[in-house]
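If you read the sequence shown in full-length UniProt numbering, its first letter stands for residue 1, the second for the next number, and so on.
The C-beta atom is built at its ideal place from N, Cα and C for all residues, glycine as well.
Notes follow the structure.
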Amino acid sequence: MVSKDLIEKIKQSVDIVELVSQYVSLQKVGSSYRGLCPFHVEKTPSFFVNPVLKLYHCFGCGASGDAIKFLQEIEHISFQEALERLAKMAGVELKISTGRSEKDLYVEYLTRVFAEYRKQFKQSAAAVEYITRRGFSESESNLYEFGFSPENSRIAQRVARSMSLPDEKASQYGLYKPSNGIDLFEGRLIMPIKDENGKIIAFAGRSLDDREPKYLNSPETKFFSKRSVLFMLDRAKKAIKSLDFAVICEGYFDAIALHRAGVTNAVAVLGTSLTREHVSKLMPLSRNVILAFDNDEAGIRATLRSLKVLVEASFDVAVVKLPEKDPDETYRKRGADYLKKLLSEALPFENYLIEVYERYFDVTTSAGLEKYIGALRGWAEILLRNKRIDRYERLVEAVSQKTRLSTSQVNEMFRLQVTPTTMVSKSTLPTEDDYIVYLYITCEELRDRIDEIDPELFADRTRKLISFLREKKDLSELSPELKQYAFAVLAKIPEGDPWKVFSDLKKRFARKAVERELSQIDSKLAFCRDDEERGLLLKRRLELVSQLRSLGGDQSGT
Numbered sequence: 001m002v003s004k005d006l007i008e009k010i011k012q013s014v015d016i017v018e019l020v021s022q023y024v025s026l027q028k029v030g031s032s033y034r035g036l037c038p039f040h041v042e043k044t045p046s047f048f049v050n051p052v053l054k055l056y057h058c059f060g061c062g063a064s065g066d067a068i069k070f071l072q073e074i075e076h077i078s079f080q081e082a083l084e085r086l087a088k089m090a091g092v093e094l095k096i097s098t099g100r101s102e103k104d105l106y107v108e109y110l111t112r113v114f115a116e117y118r119k120q121f122k123q124s125a126a127a128v129e130y131i132t133r134r135g136f137s138e139s140e141s142n143l144y145e146f147g148f149s150p151e152n153s154r155i156a157q158r159v160a161r162s163m164s165l166p167d168e169k170a171s172q173y174g175l176y177k178p179s180n181g182i183d184l185f186e187g188r189l190i191m192p193i194k195d196e197n198g199k200i201i202a203f204a205g206r207s208l209d210d211r212e213p214k215y216l217n218s219p220e221t222k223f224f225s226k227r228s229v230l231f232m233l234d235r236a237k238k239a240i241k242s243l244d245f246a247v248i249c250e251g252y253f254d255a256i257a258l259h260r261a262g263v264t265n266a267v268a269v270l271g272t273s274l275t276r277e278h279v280s281k282l283m284p285l286s287r288n289v290i291l292a293f294d295n296d297e298a299g300i301r302a303t304l305r306s307l308k309v310l311v312e313a314s315f316d317v318a319v320v321k322l323p324e325k326d327p328d329e330t331y332r333k334r335g336a337d338y339l340k341k342l343l344s345e346a347l348p349f350e351n352y353l354i355e356v357y358e359r360y361f362d363v364t365t366s367a368g369l370e371k372y373i374g375a376l377r378g379w380a381e382i383l384l385r386n387k388r389i390d391r392y393e394r395l396v397e398a399v400s401q402k403t404r405l406s407t408s409q410v411n412e413m414f415r416l417q418v419t420p421t422t423m424v425s426k427s428t429l430p431t432e433d434d435y436i437v438y439l440y441i442t443c444e445e446l447r448d449r450i451d452e453i454d455p456e457l458f459a460d461r462t463r464k465l466i467s468f469l470r471e472k473k474d475l476s477e478l479s480p481e482l483k484q485y486a487f488a489v490l491a492k493i494p495e496g497d498p499w500k501v502f503s504d505l506k507k508r509f510a511r512k513a514v515e516r517e518l519s520q521i522d523s524k525l526a527f528c529r530d531d532e533e534r535g536l537l538l539k540r541r542l543e544l545v546s547q548l549r550s551l552g553g554d555q556s557g558t
């Protein structure tokens, strides 16, 4: 176990703004930093990071926490993994005496199995000949880490036993048949499937002959799900972030071909449609995508399904038109430069939709035109629902050019009401309480001075927040309401001289205290019948009016 003090030391040592900036483009707002939330789809930034609180908070989806939680969520890793990485980043020594997690054991098992597959590949003339036929040099076969499982191989079972993994446990990972111990991937070329951090979590096997299925993935486990893994993301994520777009294709060899061509921001789905889980992996890296799926009916259907997921997630998408079946075939027949040229000429998705639906509907007939518009109406609705007025207008313009209808006619046929919205800020001017909270968070030197002010003059949530901060509790444990209030204050108030701000605040709260007492005296005077007591109240009232005058308040004392 790691002590709470050491965990706190690590959190305090990490620059959370620097950490989050590795995944999100941030801009300074007040004493906080703002950007697009990496955990949900949005076009207007509502995600804030504060270096003083050392917390992040999204006003859109409610995602909130400290550096450890951020790294856990963004990298999909355990608390322990996140803690270890942050400790290394902060230069804090961290000794964890706990045993390995089940995932660590799983990854080690697959890593050892793959080491054996690599040895077998180098010894297999058939596997080497197959890769050579596909144009790979020896250095490329090493770079892209091909393995091989021979016929009747029991490599996975043998490795499990060398690690003292019981058959019952190892068989859950699905790499061999429990009945006879034969490898699942026997007779297949093996490619490692890695998570975004480069750890092997599954395998893909490609038959060297005509046996079906041509491609075979590891069975899904608690550590591997096809719908949430993008092949080669571990290699591509740096390029995706720096180039600000990703290329998504269908097959393993398509992704490898794109990398061979120098398109190092390419990833592939694992024989499944693009999912929201895939999209969430890309959000922190870029919101721009080029789709390069197969040029056949199945590929077109996959492209349309993927477009829907991406457009609903407010990604900007373009689609490559391939002359051959897939990127791999195009690369092998025409070379790297041609493949890159195709990417540079990718169609904006609106234009792609226009061309695709034209294949199915004859727009020169009224019946065909009606069906054509009907097919596109769903896309128009998605764009408007996600406030993508710019892309909606592009779609209308593209339809207009293709059909020779005016844009107003297209709008009318879509039967949709276009009402461009303007984001209206709901923020108001900061109150005295907002400034008190701001100073209490950002300037520890002023906390004792603020504590001298009567807390009854503060709003209830201000008192609660100050009480929490005074006790120096873990800020990540703040209630959602108080956390949201703190971030709203920090985003609202511009930086300034804290002592000057406090000097003005002190006078304001002194006036509030006097005004409160005056109000209490006036209430008593309204019902007081005792002359002596009434005289004392009037005397005190005059004193308070004098104080209020000196503080610059209403001189009438009313």
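Report task. Return the bridge partner residues of I248 from the DSSP annotation. Result -> Counted from its first residue, the sequence shown places residue 248 at position 248. In the DSSP output, where bridge partners are listed per residue, I248 has V267 and L291.
Report task. Go to Q409, then tell me how far its alpha helix (DSSP H) extends in each direction, as first and last residue. Result -> One-based indexing of the sequence shown puts residue 409 at position 409. For Q409, the uninterrupted alpha helix (DSSP H) segment begins and ends at T407 to F414.
Query raised in the report: Going by Cα to Cα distance, which pick from L36, L19 and R540 is closest to R287?
Result: Taking the first residue of the sequence shown as 1, we reach residue 287 at position 287. Among L36, L19 and R540, the Cα nearest to that of R287 belongs to L36.
Query raised in the report: From which residue to which residue does the beta strand (DSSP E) around G205 run?
Result: As a position in the sequence shown, residue 205 is number 205, starting the count at 1. Looking at the DSSP string, the run of the beta strand (DSSP E) that includes G205 is I200 to S207.
Report task. Verify whether the separation of the beta carbon atoms of L189 and Y144 is less than 8 Å. Result -> Numbered from its first residue, the sequence shown carries residue 189 at position 189. Numbered from its first residue, the sequence shown carries residue 144 at position 144. Result no, Cβ atoms of L189 and Y144 do not sit closer than 8 Å.
Query raised in the report: Is the distance from the Cβ of Y215 to the Cβ of R206 below 8 Å?
Result: Your numbering for residue 215 matches position 215 in the sequence shown. Your numbering for residue 206 matches position 206 in the sequence shown. A distance below 8 Å separates the beta carbons of Y215 and R206.
Report task. Spell out the partners DSSP gives L216 in its beta bridges. Result -> For the purposes of this step, residue 216 is identified with residue 216 of the sequence shown, where counting begins at 1. L216 pairs with G205.
**Report entry** Close-in-space but distant-in-sequence residues of the same chain around A375 (CB under 6 Å, 5 per side omitted)
**Finding:** Locating residue 375 in the sequence shown gives position 375, counting from the first residue. So the list reads Y357, once near-sequence residues are dropped.
Report task. Kindly indicate which residue of D504, F47, I382 and S242 has the alpha-carbon position closest to the one of Y33. Result -> Here residue 33 corresponds to residue number 33 of the sequence shown, with the count starting at 1. Nearest C-alpha to Y33: F47.
Query raised in the report: Can you tell me whether DSSP reads I182 as helix, strand or coil?
Result: Your numbering for residue 182 matches position 182 in the sequence shown. Coil.
Report task. Within the region 15-52, note down every full beta strand (DSSP E) run reaching 3 residues or more, in order along the chain. Result -> Segments of the beta strand (DSSP E) lying fully in the region 15-52: 27-29, 32-35 and 47-50.
Query raised in the report: Under a Cβ-count criterion, where at least 16 other Cβ atoms within 10 Å of its own Cβ denotes burial, should E138 be classed as buried or exposed?
Result: Within the sequence shown, the letter at position 138 stands for residue 138. Exposed, because fewer than 16 other Cβ atoms sit within 10 Å of the Cβ of E138.
Query raised in the report: Whole-angstrom Cβ separation of E250 and F293, contact assumed at under 8 Å?
Result: Mapped onto the sequence shown, residue 250 falls at position 250. Mapped onto the sequence shown, residue 293 falls at position 293. At roughly 5 Å, the Cβ-Cβ gap stays under 8 Å, so E250 and F293 are in contact.
**Report entry** Entirely enclosed alpha helix (DSSP H) segments - the region 59-121, minimum 4 residues
**Finding:** Counting only runs of 4 or more, we get 67-75 and 79-90.
**Report entry** Between the CA atoms of K199 and P498 - distance to the nearest angstrom
**Finding:** Within the sequence shown, the letter at position 498 stands for residue 498. Within the sequence shown, the letter at position 199 stands for residue 199. When rounded, the separation of the alpha-carbon atoms in P498 and K199 is 48 Å.
Query raised in the report: What do you reckon, is the C-beta of D451 under 7 Å from a heavy atom of the ligand PLP?
Result: Among the ligands in the structure shown, none appear at all, so the ligand PLP cannot be discussed.
Report task. Take T462 and list the residues in its own chain whose beta-carbon comes closer than 7 Å to its own, dropping the five residues that flank it on each side. Result -> In the sequence shown, counting from the first residue as 1, residue 462 sits at position 462. Within the same chain, T462 has close Cβ partners D433, I436 and V437.
Requested in this report: Following the continuous beta strand (DSSP E) through L189, name the residue where it begins and the one where it ends.
Outcome: By 1-based counting over the sequence shown, the position of residue 189 is 189. Boundaries of the beta strand (DSSP E) around L189: R188 to K194.
**Report entry** Status (buried if at least 16 other CB within 10 Å, exposed otherwise) for K4
**Finding:** Along the sequence shown, read from residue 1 onward, the residue named residue 4 stands at position 4. Its Cβ having fewer than 16 others within 10 Å, K4 is exposed.
Query raised in the report: Taking the Cβ atom as the reference point for each residue, do I182 and N217 lie within a distance shorter than 8 Å?
Result: Numbered from its first residue, the sequence shown carries residue 182 at position 182. Numbered from its first residue, the sequence shown carries residue 217 at position 217. No, the pair does not count as a contact, with Cβ atoms beyond the cut-off.
Query - Neighbour-count burial assignment, E196, 16 or more Cβ in a 10 Å radius - result: The residue you call residue 196 lines up with position 196 of the sequence shown. E196 is buried by the Cβ-count criterion.
Requested in this report: Could you tell me the distance, in whole angstroms, from the CA atom of Q522 to the CA atom of L469?
Outcome: Numbered from its first residue, the sequence shown carries residue 522 at position 522. Numbered from its first residue, the sequence shown carries residue 469 at position 469. The sequence given here places Asp at residue 522; Gln does not occur at that position. Distance from the CA atom of D522 to the CA atom of L469, rounded to whole angstroms, is 36 Å.
Query raised in the report: Under a three-way DSSP split, which group does A313 fall into?
Result: Taking the sequence shown and counting its residues from 1, the one referred to as residue 313 is at position 313. In this structure, A313 counts as coil in the three-state DSSP scheme.
Query raised in the report: Is the region 359-377 touching the region 317-331, taking contact as three or more C-beta pairs under 8 Å?
Result: Taking a cut-off of 8 Å on C-beta distances, the region 359-377 does not touch the region 317-331, as fewer than three cross pairs fall below it.
Query raised in the report: Which of helix, strand or coil does DSSP assign to G535?
Result: To locate residue 535, count along the sequence shown from 1; it is residue 535. Per DSSP, reduced to three states, the secondary structure at G535 is helical.
Query raised in the report: Touch check for the region 272-289 and the region 237-252: three-plus C-beta pairs under 8 Å?
Result: Result yes; three or more Cβ-Cβ pairs closer than 8 Å.
Query - Three-state secondary structure assigned by DSSP to L551 - result: Along the sequence shown, one-based indexing puts residue 551 at 551. Correct three-state label for L551: coil.
Query - 8 Å contact criterion, which A268 and F245 should meet: CB distance rounded - result: The residue labelled residue 268 in the question sits at position 268 within the sequence shown. The residue labelled residue 245 in the question sits at position 245 within the sequence shown. For A268 against F245, the beta-carbon gap comes to about 16 Å, at or over 8 Å, which does not count as contact.
Requested in this report: Classify G147 as helix, strand or coil using the three-state DSSP reduction.
Outcome: Translated into the one-based positions of the sequence shown, residue 147 becomes position 147. It is a strand residue.
Report task. Return no unless some Cβ of chain B is closer than 8 Å to the Cβ of N351. Result -> Here there is only one protein chain, and chain B is not present.
Query raised in the report: Going by the beta-carbon positions, is the gap between L274 and A266 smaller than 8 Å?
Result: Along the sequence shown, read from residue 1 onward, the residue named residue 274 stands at position 274. Along the sequence shown, read from residue 1 onward, the residue named residue 266 stands at position 266. Cβ distance not < 8 Å, so L274 and A266 don't count as in contact.
Query raised in the report: Are the Cβ atoms of Y331 and L343 separated by less than 8 Å?
Result: Indexing the sequence shown from 1 puts residue 331 at position 331. Indexing the sequence shown from 1 puts residue 343 at position 343. In this structure, L343 does not lie closer than 8 Å to Y331 by Cβ.
Report task. Assign F458 to one of three DSSP states: helix, strand, or coil. Result -> One-based indexing of the sequence shown puts residue 458 at position 458. F458 falls in the coil class under three-state DSSP.
Report task. Identify, in the order they occur along the chain, each residue of the same chain with its Cβ nearer than 8 Å to the Cβ of residue 598, setting aside the five sequence neighbours on each side. Result -> Given that the chain is displayed from residue 1 to residue 558, the structure contains no residue 598 and the question cannot be resolved.
**Report entry** Simplified DSSP state of T303, which is helix, strand or coil
**Finding:** Residue numbering aside, residue 303 sits at position 303 when the sequence shown is read from its first letter. In the structure shown, T303 falls within a helical segment according to DSSP collapsed to helix, strand and coil.
Query raised in the report: Any idea if Y173 is buried or exposed, counting beta-carbon neighbours within 10 angstroms, 16 or more meaning buried?
Result: If you number the sequence shown from 1, residue 173 lands on position 173. Y173 sits buried, since 16 or more C-beta atoms from the chains shown fall within 10 Å of its C-beta.
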